[in-house]
Structure formats: structure tokens, C-alpha cells
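Engineer: First the structure, which I've put down as C-alpha cells, then a few questions once you've had a look.
Numbering (my numbering), first residue to last: 239 to 855.
As C-alpha cells, this is what we get:
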């Protein structure tokens with residue numbers, strides 16, 4: 239099968255077909271280009287997605303990635319980054335192996351096609367010229383024959399006419415001979431032209447055109463083969479990255495299998511464990527004997543029994559203790575640190591559990607404690623401790639992290655010690671480097687002045703000494719938390735551990751905000767601070783001029799709550815109140831009904847609407 243023999247008369251159709259083949263090839267190139275752009279955009283979007291969810295450095299989000307689930311998610315993000323890289327490889331390979339190669343081939347194909355069809359048109363023009371020459375020779379031969387025939391007839395007519403002179407007859411005869419000779423010449427020319435045309439025509443249809451069409455056929459077949467090879471390359475480029483993409487997916491599966499729920503649960507314990515012991519049972523106090531009060535072992539007045547009762551300037555009033563209407567100080571230092579009651583199954587008042595109730599306390603033990611406070615020596619020290627406790631409640635973070643629970647404090651101190659040790663090692667390495675450089679300068683004075691390093695060496699040495707002193711300070715605090723310091727006296731431990739049911743919440747709250755040892759004992763300073771905070775309820779007039787806490791939002795009571803514990807406030811279902819302190823994690827929210835009536839309610843009993851501006855400030 240050959241286009242030269244089968245399609246010898248389809249020059250124009252072959253020209254259209256080959257142009258269509260080039261268009262198809264250019265369309266395929268455009269398709270591959272768009273595919274590479276899609277791969278690049280997809281890879282870019284995957285990288286942006288992975289970057290978007292990467293944890294930010296030096297942020298709280300970075301700390302969350304200690305959990306195995308978060309680590310697995312981070313591994314997934316990294317694998318997706320590698321996955322995106324493989325799509326970039328696909329784009330690059332398709333561009334280099336298909337797009338660029340085919341674009342160069344298309345240019346060569348166009349040039350070859352142009353050359354072949356140019357030769358074809360040239361052959362066509364040549365045969366058309368030969369045909370025109372043949373037609374011209376034929377017409378001339380025909381014309382000369384007719385002229386010779388007319389000249390012959392004229393001669394015969396003149397020769398038959400007796401009236402014509404002999405000269406005229408001779409002239410007609412010569413003219414007829416000339417015309418006959420011209421006809422013979424035209425005949426010979428026409429014959430040679432015809433033979434030449436036939437030869438050219440045979441060569442055109444049997445040699446030139448078949449050769450040209452054969453070249454065009456080969457060109458078209460090469461184009462078809464090339465586009466097929468490009469399609470194979472297209473598939474191979476994808477197939478080459480499949481193993482690496484499979485490894486990326488295997489990495490994601492491996493990361494998912496590495497998730498350990500038990501380990502994450504343990505990390506939650508380590509992150510939030512306070513180290514405190516759960517509160518013990520509240521002792522029963524018998525109110526059937528009005529003048530005799532049963533004193534429990536953990537009462538604040540048991541350690542000072544028998545001391546005379548003192549009244550200080552008539553300040554003792556018949557108010558509920560310790561949450562008094564205008565007592566701003568105690569409202570800052572105390573909150574109900576018992577677990578809040580769960581929300582009721584129904585909204586009826588009878589279904590509302592108020593949790594364990596603290597029995598009301600008479601003024602006698604408070605007076606005993608006040609007498610002890612007034613007769614003890616370290617009064618100024620206690621006021622300083624009170625100020626310190628107030629500053630802790632207001633948000634100031636102490637250097638020794640004493641505002642944290644024991645376990646969290648130990649972790650913070652350990653982390654601080656580790657950081658200081660790293661800084662010491664860094665400064666030590668710097669000092670060693672400076673010392674070596676100074677030795678080099680001493681041996682080779684031309685390299686530098688050794689005295690120029692003395693100031694820097696002194697500065698580094700002083701920094702090391704400061705860091706060591708700082709480390710010793712934090713190690714001492716850490717040792718105290720871990721129980722490596724000498725145990726406190728039994729009397730101090732008993733004083734720090736005794737409290738009445740009435741003062742249970744206030745003392746517990748202060749204890750959680752103070753430094754404690756693993757065995758639950760407290761320092762005498764802490765005991766004095768708690769005693770001072772208990773007694774501070776009788777000094778509420780000292781703080782009457784203090785500005786009330788600003789409201790940070792509002793809340794709606796979902797259930798009725800009867801606030802019978804110290805520091806709580808009763809609310810009615812559907813009542814709207816102001817929020818002045820949100821839940822700190824203990825399950826209680828501090829609210830205000832009016833300027834002089836505020837207290838704590840369980841967070842689950844109210845629906846809180848915080849003011850964003852107030853919360854942000």
C-alpha cells in the first residue's frame with residue numbers, strides 16, 4: 239500500500255490530512271501542558287495545606303504535639319509535603335520528556351511537510367507548463383494546416399483562370415508551397431512536443447508524485463508513532479512516582495499505627511496533675527447543745543484551745559462568714575473549692591442537689607484565732623504574705639511558681655533548671671573558646687592582642703557565676719517540692735492542716751495557690767497567710783472604698799440553685815446576672831446580682847455570654 243500509487247490524484251486531500259495530523263499533535267501537547275500546570279497547582283496547594291496546619295514555633299500549639307495523635311498528624315503533614323513533591327516531579331518530567339520534545343518535533347514536522355508539498359507543487363507546475371506547450375504547438379499546427387490548405391486552393395483557382403497572368407499564378411504557387419512547408423514544420427514541432435509531454439507526464443505520475451507522496455506517507459506515519467510513544471511516556475512518568483507515593487502513604491499508615499491512646503492519657507495526667515490529695519470527709523458537728531461545740535481534729539481552733547476570746551474594736555458583725563456583702567479581699571482570695579454539684583435532671587427546685595454543705599460556724603473560734611494573730615510576732619510578715627497571696631490571685635506569677643499545684647510546680651522548676659544548665663553549658667563553651675584563643679594570641683602575638691580578650695572573658699565568667707547561683711536557687715526550690723528538704727515540725731504541720739468545716743473552702747483555695755510538699759504539709763508562713771485570710775473577714779470595712787470588679791459578660795441561670803455553702807449565691811431559673819470571673823477549671827463561675835450581692839455558682843447551672851473585649855483585656 240502506497241499513497242503514491244493509490245492516492246496519485248489526491249494531492250489536496252493529503253495536504254489537508256497532514257495539516258490535521260499536526261493539529262492533533264499540537265492539541266496533545268496542549269493537553270500535556272495543562273496537565274503539568276494542574277500537577278504544579280495541586281502540589282502547591284498541598285504544600286500550602288501542609289504549611290497551614292504545621293504548628294507555629296514557640297507557641298502553645300507546638301506543645302500539643304507531644305501527644306502521639308498529634309505526632310501522627312504532624313507526620314501526615316510531612317508525608318503530604320513529600321507527596322506534593324512527587325506531583326512536582328510528574329510535572330517536571332512531563333515537561334522535559336514530552337512537551338519540550340514534541341514541540342521541537344512539531345517544528346521539524348512542519349518544515350518537512352512544507353518541503354514535500356513544495357516539491358509536489360513544483361512538479362505540478364512543471365507538468366502544467368508542458369501541457370500548455372503541447373496545447374500551443376497543437377494549435378499552431380492546426381492553424382498552419384488550415385493556412386496551407388487555403389493557399390493550395392487559391393493556387394488551383396488562379397491556375398485554372400485563363401485571365402490571370404503567369405506571374406500571378408507563379409506567385410500563388412510559391413505561396414502555397416510556403417504554407418505547406420510551415421504546416422510540415424508545425425507538424426514536426428507538435429509531434430516532438432507531444433512526445434516530450436508524454437514522457438514528462440509519465441515521469442510525473444509514476445516517479446515524481448509517488449516519491450513525494452511516499453515521503454509524505456512516511457512523515458505522517460512517524461508522527462503517529464511519535465504521538466504513541468509520547469502517550470507511553472505520559473503513563474511511565476506517572477508510574478515512576480507510584481512507588482514513592484506508596485511510601486508516603488505507607489508513612490501515613492505507619493504514623494496512624496503509632497498512635498498510643500494510653501500514652502496520650504498518661505501525658506494528660508503529667509500535664510494537669512496537681513499533686514494534691516482529695517479533700518477528706520467533713521466532720522459532723524452537733525448543734526443540739528447550743529453552748530457546747532464538738533471540735534474536730536482538723537478545726538482551726540483546736541490548736542489554740544483555752545485562749546481568751548478578744549473582740550477587736552467591735553468589728554465582729556453578725557454576717558455570714560467568709561463571704562460578706564462588701565468583702566472584696568476575701569472574694570479575690572477564696573472560691574468554693576469543693577466539686578460543683580451536677581446539673582439537675584429537671585428544672586424543679588426539688589431536683590437541685592447542692593452538694594456537701596459546710597456547717598455554719600460561731601464567732602468564738604474566729605475570736606480565738608484573731609487573738610492568736612494579734613499576739614503573734616510576725617505580723618508584718620503575715621501582711622506581706624497576704625499581699626503576696628493577693629498578687630497571685632490577681633495574676634502575677636511568682637519566680638518560684640508557688641502559685642501552681644505541687645506536681646505542675648515541680649515540672650516548671652525542673653524545666654527552669656534544665657534551661658539554666660543549657661545556658662551554663664553554652665557560656666562555658668564560649669569561655670573555653672575565648673581561653674583557647676587567648677592562648678593562641680599569647681603564643682603568636684602577631685595574630686592578636688591577648689589583653690583584648692580579658693574583658694570578654696571576665697564578662698562570660700560573671701555570667702556563668704550568675705547562672706550557677708540562679709540554678710542553685712531553683713534547685714533548692716525543686717528539692718523542697720520533691721521532699722528532699724528537712725521535714726517541717728509536727729506542730730507546723732498540724733497548724734497548717736487544721737480547719738473547720740466553715741473555713742474549709744477558703745483554706746483549701748489558698749492552699750492550692752501556695753507552695754506545698756508532696757506529703758501535704760505546709761510552711762508556717764503559709765499557715766499564717768491562711769489564718770490571716772480567715773481573719774480578714776472582720777476587716778471588710780478596710781476595703782469598702784475598693785472598686786468592684788468589672789463585669790466581663792452576662793449569664794442566664796439554666797436551673798435554680800440554692801447557695802447554702804460559704805461563698806455561693808442563690809439563683810432562680812431564667813434569671814440574668816453579670817459575670818465577674820469565669821470558670822478557672824474548678825467548675826465554679828463568679829457572678830454578681832447587684833453592686834453588693836455576688837458569689838459563686840456551678841458553671842453547669844448557667845449559660846455564660848462573655849464580652850470579647852473584656853475577655854481579651
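Beta carbons: idealized from backbone N, C-alpha and C, even for Gly.
With a threshold of 16 other CB atoms inside 10 Å of the CB of residue 269, please say whether the residue is buried or exposed.
Structural biologist: Residue 269 sits at position 31 when you count from the first residue of the chain shown. Label assigned to residue 269: exposed.
Engineer: Just grab the DSSP bridge partners of residue 873 for me.
Structural biologist: Residue 873 is absent from the model: the chain starts at 239 and stops at 855.
Engineer: Figure out for me which residue from 329, 638, 832, 355 has the closest Cα to the Cα of residue 453.
Structural biologist: As a working mapping, residue 453 is identified with position 215 in the chain shown. Measuring from the Cα of residue 453, the nearest candidate turns out to be 355.
Engineer: Could I get the ranges of all uninterrupted alpha helix (DSSP H) runs contained in the stretch 340-364, with 4 residues as the minimum, in chain order?
Structural biologist: As far as the stretch 340-364 is concerned, it has no whole alpha helix (DSSP H) run of at least 4 residues.
Engineer: Please report the residue range of the beta strand (DSSP E) in which residue 835 lies.
Structural biologist: Numbered from its first residue, the chain shown carries residue 835 at position 597. Residue 835 -> beta strand (DSSP E) spans 835-840.
Engineer: Using the beta-carbon count (16 or more within 10 Å), is residue 544 buried or exposed?
Structural biologist: Position 306 of the chain shown holds residue 544. Because the pLDDT of residue 544 is 39, which lies under 50, any placement of that residue in the model is unreliable, and the question is left without a value.
Engineer: Starting from the C-beta of residue 475, find all residues in its chain whose C-beta is less than 8 Å away, skip the five residues before and the five after it, and write them out in chain order.
Structural biologist: Within the chain shown, the letter at position 237 stands for residue 475. Correct list, in chain order: 328, 331, 332, 335, 336.
Engineer: To the nearest angstrom, how far is the alpha carbon of residue 484 from that of residue 318?
Structural biologist: Here residue 484 refers to the residue found at position 246 when the chain shown is read from its first residue. Here residue 318 refers to the residue found at position 80 when the chain shown is read from its first residue. Spanning the two alpha carbons is a distance of roughly 12 Å.
Engineer: Would you check if the stretch 427-441 and the stretch 302-320 touch, i.e. whether three or more CB-CB distances between them fall below 8 Å?
Structural biologist: The answer is no - the stretch 427-441 does not touch the stretch 302-320, with fewer than three Cβ pairs under 8 Å.
Engineer: Taking just the CA atoms, how far does residue 647 sit from residue 689?
Structural biologist: As a working mapping, residue 689 is identified with position 451 in the chain shown. As a working mapping, residue 647 is identified with position 409 in the chain shown. Computed Cα separation, rounded: 45 Å.
Engineer: Sorted by chain position, which residues of the same chain lie with C-beta nearer than 8 Å to residue 414's C-beta, five sequence neighbours on each side aside?
Structural biologist: Taking the chain shown and counting its residues from 1, one reaches residue 414 at position 176. Only 386, 389, 390, 392, 393 meet the Cβ criterion.
Engineer: Counting along the chain, where does the beta strand (DSSP E) carrying residue 845 start and finish?
Structural biologist: One-based indexing of the chain shown puts residue 845 at position 607. 844-848 is the span of the beta strand (DSSP E), which, as asked, contains residue 845.
Engineer: Using only the alpha-carbon positions, how far apart do residue 353 and residue 260 sit?
Structural biologist: One-based indexing of the chain shown puts residue 353 at position 115. One-based indexing of the chain shown puts residue 260 at position 22. Going by the C-alpha atoms only, they are around 15 Å apart.
Engineer: With 16 other CB atoms within 10 Å as the buried threshold, where does residue 463 fall?
Structural biologist: Indexing the chain shown from 1 puts residue 463 at position 225. Residue 463 is exposed by the Cβ-count criterion.
Engineer: Is it true that the CB of residue 278 sits closer than 9 Å to the CB of residue 321?
Structural biologist: Indexing the chain shown from 1 puts residue 321 at position 83. Indexing the chain shown from 1 puts residue 278 at position 40. Taking 9 Å as the Cβ cut-off, residue 321 and residue 278 do not qualify as a contacting pair.
Engineer: What does a CB cutoff of less than 8 Å around residue 246 pick up in its chain, not counting 5 residues either side in sequence?
Structural biologist: In the chain shown, counting from the first residue as 1, residue 246 sits at position 8. So the qualifying residues of the chain are 443, 447, 448, 451.
Engineer: Leaving aside the five residues before and after residue 350 along the sequence, list all residues of the same chain whose C-beta is less than 6 Å from its C-beta, in chain order.
Structural biologist: Position 112 of the chain shown, counted from the first residue, corresponds to residue 350. 457.
Engineer: Measure the alpha-carbon distance for residue 455 versus residue 432 and round it to whole angstroms.
Structural biologist: Reading the chain shown from its first residue, position 217 is the one you call residue 455. Reading the chain shown from its first residue, position 194 is the one you call residue 432. C-alpha separation (whole angstroms): 32 Å.
Engineer: On a Cα-Cα basis, can you pick out the residue from 468, 650, 660 that is closest to residue 265?
Structural biologist: Along the chain shown, one-based indexing puts residue 265 at 27. Ranking the options by Cα distance to residue 265, first place goes to 468.
Engineer: Assuming contact is defined by CB atoms lying nearer than 9 Å, are residue 679 and residue 695 in contact in what I supplied?
Structural biologist: Counting from 1 along the chain shown, the entry for residue 679 is found at position 441. Counting from 1 along the chain shown, the entry for residue 695 is found at position 457. No. Outside cutoff.
Engineer: Quick check on residue 816: does DSSP put it in helix, strand or coil?
Structural biologist: Here residue 816 refers to the residue found at position 578 when the chain shown is read from its first residue. Reduced to three states, the DSSP call for residue 816 is strand.
Engineer: Determine, using beta carbons only, whether residue 314 and residue 494 come nearer to each other than 9 Å.
Structural biologist: If you number the chain shown from 1, residue 314 lands on position 76. If you number the chain shown from 1, residue 494 lands on position 256. The answer is yes: Cβ separation under 9 Å.
Engineer: Take the Cβ of residue 426 as the centre, count every other Cβ of all protein chains shown within 10 Å, and call the residue buried at 16 or more, exposed below.
Structural biologist: By one-based count along the chain shown, residue 426 stands at place 188. Classification for residue 426: exposed.
Engineer: Can you tell me which of the three DSSP states residue 379 falls into?
Structural biologist: Residue numbering aside, residue 379 sits at position 141 when the chain shown is read from its first letter. If DSSP states are grouped into helix, strand and coil, residue 379 belongs with the helices.
Engineer: Can residue 396 and residue 407 be called in contact, C-beta distance under 9 Å?
Structural biologist: Position 158 of the chain shown, counted from the first residue, corresponds to residue 396. Position 169 of the chain shown, counted from the first residue, corresponds to residue 407. Closer than 9 Å, so yes.
Engineer: Could you pull the start and end residues of the beta strand (DSSP E) that residue 259 belongs to?
Structural biologist: Indexing the chain shown from 1 puts residue 259 at position 21. Looking at the DSSP string, residue 259 is not in any beta strand (DSSP E); the run it does join, the alpha helix (DSSP H), is 249-290.
Engineer: Going by alpha carbons, who is nearest to residue 712 out of 674, 640, 697?
Structural biologist: On the chain shown, position 474 is the one that residue 712 refers to. The option with the nearest alpha carbon to residue 712 is 640.
Engineer: Tell me whether residue 216 is buried or exposed, calling it buried when 16 or more other Cβ atoms sit within 10 Å of its Cβ.
Structural biologist: Residue 216 falls outside the range modelled here, since the chain spans only 239 to 855, and no answer is possible.
Engineer: By the DSSP assignment, the beta strand (DSSP E) with residue 246 in it spans what residues?
Structural biologist: Along the chain shown, read from residue 1 onward, the residue named residue 246 stands at position 8. Segment: none, residue 246 is in no beta strand (DSSP E) and carries neither H nor E.
Engineer: From what residue to what residue does the alpha helix (DSSP H) around residue 471 run?
Structural biologist: By one-based count along the chain shown, residue 471 stands at place 233. Counting along the chain, the alpha helix (DSSP H) containing residue 471 begins and ends at 447-495.
Engineer: Can you give me the Cβ contacts of residue 661 inside the same chain, cut-off strictly under 6 Å, excluding the 5 residues immediately before and after it?
Structural biologist: Translated into the one-based positions of the chain shown, residue 661 becomes position 423. So the list reads 705, once near-sequence residues are dropped.
Engineer: Confirm, please, whether the CB-CB distance from residue 513 to residue 645 is below 9 Å.
Structural biologist: Indexing the chain shown from 1 puts residue 645 at position 407. Indexing the chain shown from 1 puts residue 513 at position 275. Yes, Cβ-Cβ distance for residue 645 and residue 513 is below 9 Å.
Engineer: By Cβ distance below 8 Å, which residues in the same chain neighbour residue 709 in space, the five residues on each side in sequence not counted?
Structural biologist: Here residue 709 is taken as the residue at index 471 of the chain shown, counted from 1. Closer than 8 Å at Cβ, skipping near neighbours: 655, 658, 659, 662.
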